[in-house]
Amino acid sequence: MPDETRDEILIAAESDGLLSLQVPFGRLSRAAGATPTPMTYAALDTIGAAASAASLQSVSQLALAEMLERLGPAPRNAELAEALASGFPQDLLEEALRLPGGILRTADGLRAAAVDTPAPAPAVFTATPFEPALEPTLLAALREGGEVYFLQDALPAPTCPARAVDVSQAASPDGLQDGFLVSAVAAAAQAMTDGVIVITGLGAAVMALGHDYASPEGLAAGAALTALVRSAATGAAFTATNARALGLQARKAGPKHACTVAIVPVSDPAVILPDCESDGAAPVRTVLAFGDDAPSLARSARLGLAIRAPAALPGILEAITHSGAQDLDLALGTTRLRDRGFSEAALERVSRAIGEGLPLNAAFSRWVLGDEIISHDLKLTPENFDADGRGVLSAMGFSRADIASAEAAIDGAGETIAAQSMQQCGFTMHPSPDDEVRFAAACSKVLGGNVVVSVGARAGLGMVEAIIGNGLSAHLAGHRAPAGEDVRERMEHIISLAEELADDAAVPAASPEFTEAHPAARTRLPDRRKGYIQKATVGGHKVYLHTGEFDDGHLGEIFLDMHKEGAAFRSLMNNFAIATSIGLQYGVPLEEFVDAFVFTRFEPAGQVTGNDRITRATSILDYIFRELAVSYLGRDDLAEVDVTHDGLGRGAGDATREPAPFTEEAAQIISRGYARGHLPDNIVVLDKRRAEKQAESDADEESAELDAPDYLSDACANCGSFTLFAISEDGDTECDTCGEEGRISK
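Here full-length UniProt numbering is used: the first residue of the sequence shown is 1, the next is one more, and so on.
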C-alpha cells in the first residue's frame, strides 16, 4: 500500500472513530509490560494501602479547594484575618496569595490536581487458581480502590506503538463495511513496526449487526469480527467458517505483518475512543445516549433495532425522549412543584436534566434552573444555591424525607424503558458472567491468547475463576466502598447535632446588628504552653510528634515532622496535623480521632523504635493516635509494653513504686501527656509543699504566742532586759533572757 494512500485511510478512520490515534501501548493498558507474579498477602496489602493514600490525597485537595472558595474572589484583609483566626491554614493562604490568579485560581488548581491524582500502579498476578484464604484480603484491597490483573502471559511493553480499533463503527445501516475495516487495520499495522492492535467494541458491533450477545449467532459474529481484524493486521487467512458468520467472502493469507492483536480493557476509553459503546469483548452495558436536547438510543441499539424490529423503533425513541418528565413526576409530583412556584419553563429544564442522567441535587441547582427562575419565580437568592439543589427544594417547602424519597425514586426511567424495549425485541441486556466468558473464549480461540476480560463488581471472584479456567486473563478494577451503615447513621446524628448547635448559637432577630448565627467557639491555647516531643521510627521512617496542651493539661494541638520524605507527603501530614489541631480546639474529643484513625493501614508501617509503649504500627496515623491515646486518654489497651508512667525509664514490668494521681496543681507545670496522666513519685509540687510549710510555721508562731509569759515592767538587774516575769505570788521573778532569779521589793 503506498504511503499516501495509507495516510489517507488512517485519517479517514480516525475521523470516523474507527481507529484511535497512535499511542504507546502503556496508554491503552495499565498492565503493559508487567511481569505476572504469584499473589501474596503483602502485595495485596500494598495495593490497598496505596489506593487509600491516593484517595486521602484527593479528598484533602478538594477540602482545601472548598475552604479557599468560601473566601470569595477578592476578600479583604480583615476577612482573611478573620479566616486565620477561625483556623484557616496560614501556609495555604500565603501560597494562594502568592500564586498568579488569586485565591479562586488556586482553588481551581487544587480541584484539577485532585481529579488528576494518578492512580497507583495495578498489581499483576499470575493467572492461576488462588488460595481461598487470600480472598478476604483481595476483596479488602478492591474495596479500597485497588486494581488487579491476572494474566496468562505478560502483555507487550508499554513503549510499543499501538492503536485501538472500535469494530462497531464498521457497522452501518447497510451492514458491515468490511472493506473499510480491513483497509484501516491493514494501514495501521503497516505504519507500526512491531505494533499492537487492540480490538474493542465487539459487544456493540454484535448488537449493531442485529445479533443477541448471548446467542450462538452473536458468539459466532464476535469470533468472526476478531478473526477479520487479525487477518487484516497480521496477514493471516480469514476462514470460510468465520466468513459465513458475517455473510462475507473468505480471504486468503497475504503479506505478513509483525503486529500483535489483543483484546484488553482500554484504560481511558472516553479519551482514546469517545464514541465507543462497549469495552473489549464485554457486552453493551447501557443503550442510552445523552445529547443536547433529550436522551435517545445509542448508535448500536438503533442499528440493531432497525434490523430486528424496525416498526417498533420510532415508538421506543419517543418514550425515551419523555422519560425525564416521568421521572420528575414520579419523584416529587409536577402538581406539587407548580403549587410551590415552579413554572413550566423550570419544570422543562429540570425534566431535561433528569432525563440526561443528572441526579436530583444537580437538576435543581442554579446552573440548571438559572438565576432568573430562582430570583423571580421562586423568590430566592441565586448565590445561595450554586450547586445545592436540595437547598432549593428545602427552601420551597419540601422536607428532608421528601427529598430523600425523590432521590431514591429517580432511578433512570429512560434506561428502564430502553432496556425493556431491547429485551422485547430479542436482545439480552444483562448477559450472565458465563455468557461473557464464553464470548471472550471464542475470541481468544481465534487470536490464540492475549484476551483480558474485565470483571464487574456484581460478578465477583467466581467469574475470575471461570476466566482463568478457560485460559483467559482477568482484570478487576476496585472502587472505594462508601461508608457503612453505622458511619452514615453516625454522620446523620452529628449533622443533626451541628444544626441544633448552630440554631442555639444564632443571635436573636431583635438584634439589628447581627443577622447570622455565631460560628462555633474555639478555645485557643495559651501563648506559653506545655507539651512533649516524641521521636520514633515507623517502618524505617523517622517521625517527630510535638504536642501542645491547654492549662488543664488536655491536648490542644499536634505537629508532625518527617525527615527525608517527599514534599507532597510531608505537606499532607502537616496539613493533617493542622486539621486535627483545629478540631481539638473546637471541642472535638480526642477519642473521636483515636477511634477514626487507629489501625488504619498504609505504608510506611511495621516496626516502631524509640517509643517505650508501642513496638509495631500499621501506619503513621495508627502510631500517632495510639501514642496520643496512651499518653492523654490512659488507653493502655492500645499499648504493647507495660512500663511506669514517669520519664526516668525504669523499664517494663517494674511495679515497685506506685505513681500518684495527676492533680490540677501538677497540670500547671507538668505536661499531662509526658507524664501519661500520672504524677511520678520522684516529682513534688513545690507550691503545695510551700503552702504546707507556711501553715506549719504559722501554727508554731501561734502556739508560741499562746505559751509566752506576761513580762513585768521592771528591767533585769543582771542583764538589763525587760523580760522579767513573776514566778510566785510573793514577788519572786525570773529573767526570760539570762535566767537570773530575784525579788521585787514592794
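All C-beta atoms in this analysis are idealised placements derived from N, C-alpha and C, irrespective of residue type, glycine included.
Just so you know, these numbers come straight off a predicted model, no measurement behind them.
**Request:** Could you tell me the boundaries of the beta strand (DSSP E) in which L590 lies?
**Result:** As a working mapping, residue 590 is identified with position 590 in the sequence shown. Careful: L590 lies outside any beta strand (DSSP E), inside the alpha helix (DSSP H) at 590-597.
**Prompt:** Under a three-way DSSP split, which group does A567 fall into?
**Reply:** Stepping through the sequence shown from its first residue, residue 567 is reached at position 567. The answer is helix: DSSP assigns A567 an H, G or I state.
**Request:** Report yes if the C-beta distance between D166 and L273 is below 7 Å; otherwise report no.
**Result:** As a first step, residue 166 is located in the sequence shown; it is residue number 166 there, counting from the start. As a first step, residue 273 is located in the sequence shown; it is residue number 273 there, counting from the start. A contact, by the Cβ cut-off of 7 Å.
**Request:** Answer with buried or exposed for H518, where buried requires no fewer than 16 other C-beta atoms within 10 angstroms of its C-beta.
**Result:** Position 518 of the sequence shown holds residue 518. Note that H518 scores a pLDDT of 44, beneath 50, so its modelled location is shaky and nothing firm can be said.
**Request:** Sort out for me which residues DSSP pairs V165 with in a bridge.
**Result:** In the sequence shown, counting from the first residue as 1, residue 165 sits at position 165. L19, I199, per the DSSP bridge assignment.
**Asked** Should F725 be labelled buried (16 or more other beta-carbon atoms within 10 Å of its own) or exposed?
**Response** Along the sequence shown, one-based indexing puts residue 725 at 725. So F725 ends up on the exposed side.
**Message:** Taking the straight line between their C-alpha atoms, what separation do you get for R6 and A187?
**Reply:** In the sequence shown, residue 6 corresponds to position 6, counting from 1. In the sequence shown, residue 187 corresponds to position 187, counting from 1. Their backbone Cα atoms lie some 5 Å apart in a straight line.
**Item:** Rounded separation between Y544 and L84 - CA only
**Value:** Here the question's residue 544 lines up with position 544 in the sequence shown. Here the question's residue 84 lines up with position 84 in the sequence shown. Each residue's Cα considered, the two are about 25 Å apart.
**Item:** Status (buried if at least 16 other CB within 10 Å, exposed otherwise) for C259
**Value:** For the purposes of this step, residue 259 is identified with residue 259 of the sequence shown, where counting begins at 1. It is buried - the Cβ of C259 has at least 16 other Cβ atoms within 10 Å.
**Asked** So, helix, strand or coil for K535, using DSSP?
**Response** Here the question's residue 535 lines up with position 535 in the sequence shown. Strand.
**Prompt:** If you run the structure through DSSP and keep just helix, strand and coil, what is C719?
**Reply:** Sequence index remark: in the sequence shown, residue 719 carries index 719 (1-based). Correct three-state label for C719: coil.
**Prompt:** Leaving out the 5 sequence neighbours to the left and right, which residues in its chain are closer than 8 Å to E177 when beta-carbon positions are compared?
**Reply:** Taking the first residue of the sequence shown as 1, we reach residue 177 at position 177. Here residue 177 is Gln; the residue named in the question, Glu, does not match the sequence. Within the same chain, Q177 has close Cβ partners A170, A171.
**Item:** Coarse secondary structure for C735, derived from DSSP in three states
**Value:** Counting from one through the sequence shown, the residue named residue 735 turns up at place 735. Strand, per DSSP.
**Asked** Can you name, in chain order, every residue of its own chain whose Cβ lies under 6 Å from the Cβ of E658, other than the five neighbours on each side?
**Response** By 1-based counting over the sequence shown, the position of residue 658 is 658. Interpretation of E658 is limited by its pLDDT of 49, a score under 50 that renders its predicted location unreliable; no figure is taken from the coordinates.
**Asked** Assuming N242 contacts A262 under a Cβ cut-off of 8 Å, what Cβ separation, rounded to an integer in Å, is found between them?
**Response** Translated into the one-based positions of the sequence shown, residue 242 becomes position 242. Translated into the one-based positions of the sequence shown, residue 262 becomes position 262. In fact, because the Cβ distance is near 18 Å, the residues do not count as touching under 8 Å.
**Prompt:** By a C-beta neighbour count over all protein chains shown, 10 Å radius and 16 as the cutoff for buried, is S432 buried or exposed?
**Reply:** On the sequence shown, position 432 is the one that residue 432 refers to. With fewer than 16 other Cβ atoms within 10 Å, it is exposed.
**Message:** The alpha helix (DSSP H) that contains A237, what's its start and end?
**Reply:** Here residue 237 is taken as the residue at index 237 of the sequence shown, counted from 1. Per DSSP, A237 belongs to no alpha helix (DSSP H) and is neither H nor E.
**Item:** Run of the alpha helix (DSSP H) containing L248, from where it starts to where it stops
**Value:** For the purposes of this step, residue 248 is taken as residue 248 along the sequence shown, with counting starting at 1. Premise fails: L248 is in no alpha helix (DSSP H) and is neither H nor E.
**Request:** Answer yes or no: the CB of S86 versus the heavy atoms of the ligand ADP, is any distance below 6 Å?
**Result:** Among the components of this structure there are no ligands whatsoever, and the ligand ADP is therefore not found.
**Message:** Here's a check: name, in chain order, each residue in its chain whose Cβ is nearer than 7 Å to the Cβ of S29, leaving out the five neighbours to either side.
**Reply:** Within the sequence shown, residue 29 is the residue found at index 29, counting from 1. Counting only Cβ-Cβ distances below 7 Å, and skipping sequence neighbours, we find L155, V264, S267.
**Asked** If H541 and E565 are in contact, beta carbons under 8 Å, what's the gap, nearest whole angstrom?
**Response** As a position in the sequence shown, residue 541 is number 541, starting the count at 1. As a position in the sequence shown, residue 565 is number 565, starting the count at 1. So it is a contact: roughly 7 Å between Cβ atoms.
**Prompt:** Alpha carbon to alpha carbon, what distance is there between A441 and R163?
**Reply:** Walking along the sequence shown from the start, residue 163 turns up at place 163. Walking along the sequence shown from the start, residue 441 turns up at place 441. Cα to Cα, R163 sits roughly 22 Å from A441.
**Message:** Rounded to the nearest angstrom, what separates G649 and A51 at their Cα positions?
**Reply:** What you label residue 649 is simply residue 649 of the sequence shown in a count that begins at 1. What you label residue 51 is simply residue 51 of the sequence shown in a count that begins at 1. At G649, the pLDDT of 42 sits below 50, so the modelled position is not reliable; the number obtained from the coordinates is stated separately. Cα to Cα, G649 sits roughly 40 Å from A51.
**Prompt:** Enumerated in chain order, which unbroken segments of the alpha helix (DSSP H) with a length of 4 residues or greater are wholly contained in the stretch 107-184?
**Reply:** 135-143
**Prompt:** If you compare alpha carbons, which of I467, H257, L555 is closest to G587?
**Reply:** Here residue 587 refers to the residue found at position 587 of the sequence shown. Selected option, being the one with the closest Cα: L555.
**Prompt:** Do you know how far the Cα of G315 is from the Cα of I11?
**Reply:** Translated into the one-based positions of the sequence shown, residue 11 becomes position 11. Translated into the one-based positions of the sequence shown, residue 315 becomes position 315. Those two C-alpha atoms are separated by around 37 Å.
**Message:** For G210, which residues in the same chain have their Cβ closer than 7 Å to its Cβ, ignoring the five residues on either side in sequence?
**Reply:** To locate residue 210, count along the sequence shown from 1; it is residue 210. So the list reads G304, I307, R308, once near-sequence residues are dropped.
**Message:** On a Cα-Cα basis, can you pick out the residue from A204, F364, E147, V455 that is closest to V350?
**Reply:** Working through the sequence shown from its first residue, we reach residue 350 at position 350. If we check each option's Cα against that of V350, F364 comes out closest.
**Prompt:** Near P173, which residues of its chain fall below 8 Å by C-beta distance, leaving aside the five closest residues on each side in sequence?
**Reply:** Counted from its first residue, the sequence shown places residue 173 at position 173. Excluding positions up to five away in sequence, the list reads L303, A306.
**Asked** Name the DSSP beta bridge partners of P24, please?
**Response** Counting from 1 along the sequence shown, the entry for residue 24 is found at position 24. P161.
**Request:** List the whole-angstrom C-beta distance separating L151 from S473, where the pair is believed to meet the contact cut-off of C-beta under 8 Å.
**Result:** Along the sequence shown, one-based indexing puts residue 151 at 151. Along the sequence shown, one-based indexing puts residue 473 at 473. Right, the Cβ-Cβ distance comes to about 5 Å (below 8 Å), so this counts as a contact.
**Item:** Bounding residues of the alpha helix (DSSP H) (the contiguous stretch that carries I47)
**Value:** On the sequence shown, position 47 is the one that residue 47 refers to. Counting along the chain, the alpha helix (DSSP H) containing I47 begins and ends at 41-69.
**Message:** Less than 7 Å between the C-beta atoms of residue 823 and R340, yes or no?
**Reply:** Here the chain covers residues 1 to 746 and nothing more, so residue 823 does not appear.
**Prompt:** Under three-state DSSP, which class holds K379?
**Reply:** Position 379 of the sequence shown, counted from the first residue, corresponds to residue 379. Coil.
**Item:** alpha helix (DSSP H) runs wholly inside the stretch 82-108, at least 4 long, in chain order
**Value:** 90-98
**Prompt:** Just to confirm, are S671 and K530 a CB contact at a threshold of 7 Å?
**Reply:** As a first step, residue 671 must be located in the sequence shown, where it is residue number 671. As a first step, residue 530 must be located in the sequence shown, where it is residue number 530. Contact flag set, yes.
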